[in-house]
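Comments concern the structure below.
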Amino acid sequence: MSLAALGFTTPWLLWALAALPVLWIILRAVPPAPMRRRFPGVVLLLGLRDGDSVSDRTPWWLLLLRILAVAAAIVGLAGPVLNPRDADKGASSAPLLIVVEDSWAAARDWPVLRAAMDGLLSEAARDGRTAALMRLSAPERPVFRAAADLRRHLPGLEPEPWGTRPESHTEAAAMLPEGSIETRWFSDGLDRVGRADLLAALEARGPVVVHESAQPVVALTPPTLEEGMVVLRALRAGTDSTREITVAAHGRDPAGAERVLARLPLTFAAGAKEATGRLSLPPELRARIERFEIEGARHAGAVSLSGDGLRRREVALIAGREDREGLELLSPLYYLRKALAPNADLLEGALLDLLPANPDAVVLADVATLSEAEQDALGEWVEAGGVLVRFAGPRLAASDVSRGEEAALMPVRLRAGGRTVGGAMSWGAPKTLAPFPDGSPFRGLDIPEDVNVTAQVLAQPDPTLAERVIAQLGDGTPLVTRKRLGAGQVVLFHVTANAEWSSLPLSGLFVQMLDRLAVSSAQAAPAEAELAGTIWQPVQVLDGFGRLDEAGTRPGVAGEHLLDAPLGPDLLPGIYEGPERRVARNVIGPETQIAAAAWPARVPVEGLARAPETPLGGWLLSAALALMLVDILAALALSGRLWRVGETAAVLLALVLAGLSPDAARAQAFDDTRAIEATSETVLAHVLTGDGQVDDAARAGLRGLGRVLSFRTSVEPAAPIGVDLERDDLAFYPMLYWPVTQGQPIPSDEAYARLNDYLRNGGLILFDTRDADIAGFGAASPNGAKLQRLAAPLDIPPLEPVPEDHVLTRTFYLLSDFPGRHMGRAVWVEAAPPDAERVEGMPFRDLNDGVTPVVIGGNDWAAAWAVTERGDPLFPVGRGYTGERQREMAYRFGVNLVMHVLTGNYKSDQVHVPALLERLGQ
Amino acid sequence: MADAAPSLRARAEAETARLPPLLARAERLARTVMMGEHGRRRAGTGDDFWQYRPVQPGDSRRDIDWRRSARSDAQFIRQREWKLAQSVMIWVDPAASMRFASEKDLPDKADRARLLALAVALLLDRGGERVGMTGTALPPRRGAAQIARIAQALSAESGEDHAAPDMSGLVPHGRVLLVSDFLGDPAPVRAALTAAADRGVRGVLLQVLDPAEEAFPYHGRTIFESMAGTLTHETLKAADLRERYLARLAARKEALSALAAATGWQYGCHHTDTGAQAALLWLHSAISEGRGGA
């Protein structure tokens, strides 16, 4: 980029740069701002004169900084512009005609192209010229108007998927007005018929400049199937260098979401115009593909819709008799398999098993009677669009199906017995086929000479018979009949599916007929003849950028035009739905060739990309501002004040950072690990009171209890966890040990809500006032009063001192009291229901309710349980042997409590054991 | 007006809150100096009880101790121990110039001056001397209450840049401790010292200086302001002034020293970056010096 690429809107401002040396001298002469200092010794300074009048100089680098800042400001204000538009070049006053080939090929670079047109028009508007736009997709007589006006229409301009029609260039040439016109031709880069005509016409009226994107056009031809693999062929025009592109297969996944199902890289060898690749996909996946697309190409030519072409049909084959083991060639399905296997996926099995797989077609070979359920299911499936093909055979001929009246799943009534012609025991020669009648799906198929029929079932001549015949023999007897049923159809071949009754299954015609019936894959493009007279409804259409849109209410297209007629406003590329199938019409057909446009040497060809006009003033002014900020810092540093400022800034920064610290995220992660910890093993938990000593004792106590549990029972709790009521989820813990302390904060409402939830869902809280004075659990002790306050909002049922027969006294050990570090005060639990009675002869009352939600006592159990990491008791309990005994009892209480929590009233139920045993004995 | 009282009270509380630390620091400092009681061991004018003796002719009736006399038939006179208690008056410069510290971790001069003054007061009190503040507000007395009052009085601050020593209320032949930076006008100091010398009062001049005032580590264009902001001096090259400033400072010290010598006073200079203990020892010995001869 030369210097010429830089321009200034107000160059005279640059003269101010000459003043910079003066500024240098002035800045140098002016001393730096004085520092103010407090100094008590100033008295001694009074009257002292500076020995030399030259002050300390501003340091050279600070001077340089300031000079640079000023210079940047001056240059910035002068309005530097990178790549300025040359105002003088081509400033003709002739009307400007923009010719644009707005085809799919132009879509590949459309934003750039539109920006280039916009640039041209804005220039023209500045010069006051009139302009007109001519779209070659639909040429209209150009109307010249103000360029600014035309410019407003540019955003709505989009490429058309059909590109240009062959005749449009010639038409456009004819529409050009007389007079001098300057032309800018935006080419899509593809060679077009009639280009020379239009170019000549334009050159006759004035200068022509061609703009063309440098990006080569790549396009994708419709995929074909070869040996079960999808063959993809890409075309290109323009460059000849080696290039790699990627073709993506889009389709819906089983969940119905559109996604890329496969990718295939294709490589254009140097000089090659084509690249071919094979994509091997499982049929199931291949059937899901809706379109192939060259990644990154973004135009309609790079998209190839597959329609039904890639779908392999699923055909269910069901034979009436499969018992003739070893006679393969006589199997009624043998020829069907041979005919269908290359193009369809065959399903075999029981009919009711196959129908849920929703096959595209069901072939019943000589199946006479169907069960009620089969009949219903099959009927439903046909009405939903299935194709049921039935073949006759000895069984059908012998059965009474559709004899007296037409069966739902038969197209015609059958006469009893059928007939045999040309056999050893009959007169006449085997019958050949008559040409297919109009309206038959087989119309146009060649009938081989050697196909003849020796036996068949015969249709009753009902009034509807004539319209249901789609193939007949030379003597007019129906060979194939068809009945539409809902969205589907039922087809009956009046011969067998094997070669017993006719040679039809041996011929190629058989395969073609199945194909026409859309039984086999619809891969072969529909023939012209088949399409004639049909109307195809667009389902989805492509726009110029290769985006697939719903077709909406677009009119249908006549079948004969669908495949061959050039694309245009009336025939958009897309997916069209016909009577039995969907056909894709692509921009690029199998035969399409694309070639790069060749322009005569006299025509100047320019690229689209033009370095945009970039004003640099803002950047320079920002730089000046930044330099001035640096100058402030430097000046502060020089005067020794930066430190103070820096300190303040650091404090502010720290505050801001502290505010932003990701506490929430950490807390979340912490919660998760905690939950996992708490749920992977049984965990005893205690409520954190905030009093370190009490919390440690509770933790050590639960640790000791855990050890005892592990030694003696099958409960093996993990290390205890302290629970913060405000923050932690309680649901993971079977019981909570809650030591009551004076300094404990009353939990918040949310915490109480959680606690109540916990209690209602089977949690147990062991309240311990730790003061041995709980008997009334009233205000007798400070901790008791605190307990009252703590427990007031809790949802606690009526309480009573542990009755003699409470389950807590016998869940593991038989206990009569529950000592901790203190001895023998009453422990309170949920009161037994008033109607609990002792059954005659039972030692206990029948107390079959849940676990008591709270146990309240004051015996300081945790202290009695507490052990160190090594297992030594942490607190003394009692004296000597009695003390040891008391500690043992405390442990036993703990074991009983945990058992009660974990097993509920299991032990209470044990009272029924004698009764149960007795009953079992009987 | 309504909020005057609360604000006064708040300020007073803030002030008293400052006292105990100062007192504690001063006590800690004073405790490093050990000394003994030095009573005269004979009856005389003093505060402390010495003995009862029978009334002799010539005794004034009002000297009779009636309580003691009533217990017996004879009449007694209560004699006190004759004490040659020294009266030491302290003056600490309350001016703004003292509130200067060149660095953050240095105490300002006023703080150091108060600390030294209070520590000296404690020491003297413990030694049986009477301590007071110059001026009429706090005449020399003994006792812990007096120390507290001195501590209170020491926290007074003045908005002036420099203050002249208040030499009123001097006890003849007492001793005076003047603590200041003596950077202000030397004339009042000279006048105070000569006046004191005239009344037989001797004492100690302690000049407290910040290290920055000794080193003058400044350079570049600077406007120097006095602590109260009344005086300014602008220079273009501060570094150039250094030599002349130091010369003037040395001259000032010389003048003070000479003045002290002429009036029989002692002059000492203390820097806030050195320890307070050495200064205290020097102060104590300087004040005690020649006490016996008084």
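Residue numbers (my numbering), protein chains in the order written: chain W, 112 to 1033; chain L, 8 to 301. Every residue, glycine too, gets a C-beta built ideally from N, C-alpha and C. Predicted model only: the values in this text are computed from it and were never measured.
Within 8 Å, strictly: CB atoms of Ala-545(W) and Gln-583(W)
In this structure, Gln-583(W) lies closer than 8 Å to Ala-545(W) by Cβ.
Where do the N-terminal and C-terminal ends of the beta strand (DSSP E) with Ser-187(L) fall, by residue?
Residues 182-187.
Between Val-153(W) and chain L, is the shortest Cβ-Cβ distance under 8 Å, so that the two count as touching?
Chain L, which has a Cβ nearer than 8 Å to the Cβ of Val-153(W), makes this yes.
Trp-710(W) versus Ala-610(W), Tyr-992(W), Arg-306(W) and Pro-914(W), residue with shortest Cα-Cα distance:
If you compare the alpha carbons of Ala-610(W), Tyr-992(W), Arg-306(W) and Pro-914(W) with that of Trp-710(W), the shortest gap goes to Arg-306(W).
Residue span of the beta strand (DSSP E) that contains Met-340(W), given as start and end:
Unbroken beta strand (DSSP E) run through Met-340(W): 340-348.
So that I know if they touch, is there some Cβ in chain W lying closer than 8 Å to that of Asp-188(L)?
Under the 8 Å criterion on CB atoms, Asp-188(L) is classed as interfacial with respect to chain W.
Taking Cβ-Cβ distances below 8 Å as the criterion, which residues of the region 213-229 of chain L are in contact with chain W?
Result list: Asp-217, Ala-219, Glu-220, Phe-223, Tyr-225, His-226, Gly-227, Arg-228 and Thr-229.
Can you give me the start and stop residues for the alpha helix (DSSP H) that His-1011(W) sits inside?
Start and end: 991-1014.
Helix, strand or coil for Asp-682(W) per DSSP?
First, the residue type needs correcting, since residue 682(W) is Leu and not Asp in the sequence shown. Of the three classes helix, strand and coil, the one that applies to Leu-682(W) here is strand, per DSSP.
For Glu-355(W), which residues from the same chain have a beta carbon less than 8 Å from its beta carbon, with the 5 sequence-adjacent residues on both sides left out?
Pro-376, Leu-377, Thr-378 and Phe-379, listed in sequence order.
Residues sharing a beta bridge with Asn-609(W), DSSP
Answer is none; Asn-609(W) lacks a bridge partner.
For a contact meaning CB atoms closer than 8 Å, what does Leu-266(L) contact in chain W?
Below the 8 Å Cβ cutoff, chain W contributes no neighbours of Leu-266(L), its closest Cβ being approximately 17 Å away.
Opposing strand residues paired with Gln-214(L) [DSSP bridges]
Answer is Ser-187(L) and Cys-276(L).
With distances taken between CB atoms, is the gap from Ile-292(W) to Arg-256(W) smaller than 8 Å?
Their beta carbons are not under 8 Å apart, which means Ile-292(W) does not touch Arg-256(W) by this criterion.
Please compile the residues from chain W whose C-beta is within a distance smaller than 8 Å of the C-beta of Phe-107(L).
Below the 8 Å Cβ cutoff, chain W contributes Arg-149, Phe-150 and Pro-151 as neighbours of Phe-107(L), in chain order.
Trp-849(W) bridges to which residues according to DSSP?
Phe-878(W).
Going by the CB atoms, is the gap between Tyr-252(L) and Gly-152(W) shorter than 8 Å?
Note that the C-beta distance between Gly-152(W) and Tyr-252(L) is below 8 Å.
Within the same chain, show all residues whose beta-carbon is closer than 6 Å to that of Leu-155(W), passing over the 5 residues directly before and after it, in chain order.
Closer than 6 Å at Cβ, skipping near neighbours: no residue.
Can you grab the Cα-Cα spacing for the pair Gly-88(W) / Asp-302(W), in whole Å?
For chain W, the structure presents residues 112 to 1033; residue 88(W) sits outside this window and is missing.
I'd like the list of long-range same chain contacts for Leu-466(W), defined as Cβ closer than 6 Å, with 5 residues on each side in sequence excluded.
Within the same chain, and ignoring the five residues on either side of Leu-466(W) in sequence, the residues whose Cβ sits closer than 6 Å to its Cβ are Ala-488 and Trp-492.
To the nearest angstrom, how far is the alpha carbon of Pro-773(W) from that of Leu-764(W)?
For Pro-773(W), the predicted structure reports a pLDDT of 48, less than 50, and the residue's modelled location is therefore unreliable. The matter cannot be settled from this model.
What runs of the alpha helix (DSSP H), each 4 residues or longer, lie entirely inside the region 659-742 of chain W?
Complete alpha helix (DSSP H) runs here, min 4: 670-673.
Could one say the Cβ of Met-146(W) lies closer than 8 Å to chain L's Cβ atoms, at least one of them?
Yes - at least one Cβ of chain L is within 8 Å of the one on Met-146(W).
Tell me which same chain residues have a C-beta within less than 8 Å of the C-beta of His-45(L), skipping the five on either side of it?
Because His-45(L) sits at a pLDDT of 49, beneath the cut-off of 50, its placement in the model cannot be relied upon, and the point is left open.
DSSP on Ala-283(W), reduced to helix/strand/coil?
The DSSP-derived three-state label of Ala-283(W) is helix.
Would you verify that the beta carbon of Lys-244(L) is, or is not, closer than 8 Å to some beta carbon of chain W?
With 8 Å as the cut-off, Lys-244(L) counts as an interface residue toward chain W.
Where does Thr-201(L) fall in DSSP's three states?
Of the three classes helix, strand and coil, the one that applies to Thr-201(L) here is helix, per DSSP.
Using a 10 Å radius around the Cβ and a threshold of 16 neighbouring Cβ atoms, would you call Asn-872(W) buried or exposed?
The residue in question, Asn-872(W), is exposed, as its Cβ has fewer than 16 Cβ neighbours within 10 Å.
Considering only their Cβ atoms, is the gap separating Trp-215(W) from Ala-495(W) smaller than 8 Å?
Not closer than 8 Å, so no.
Kindly indicate the opening and closing residues of the alpha helix (DSSP H) around Tyr-225(L).
For Tyr-225(L), there is no enclosing alpha helix (DSSP H), since its DSSP letter is neither H nor E.
How long is the line joining the alpha carbons of Trp-289(L) and Trp-135(W), rounded to whole angstroms?
Spanning the two alpha carbons is a distance of roughly 59 Å.
Count the CB pairs spanning the region 968-978 of chain W and the region 799-817 of chain W that are closer than 8 Å, and state whether there are at least three.
Note that the region 968-978 of chain W touches the region 799-817 of chain W; at least 3 beta-carbon pairs, one per stretch, sit closer than 8 Å.
Starting from Leu-156(W), find everything on chain L with Cβ-Cβ shorter than 7 Å and list it in chain order.
Those within 7 Å of Leu-156(W) in chain L are Phe-231, His-240, Leu-248 and Tyr-252.
Val-493(W) Cβ short of 7 Å to the ligand GDP heavy atom set
The ligand content of the structure shown is nil, which means the ligand GDP is not present either.
Is DSSP giving Asp-971(W) helix, strand or coil here?
Coil, per DSSP.
Going by other Cβ atoms of all chains shown within 10 Å of its Cβ, with 16 needed for buried, is Ser-292(L) buried or exposed?
So Ser-292(L) ends up on the exposed side.
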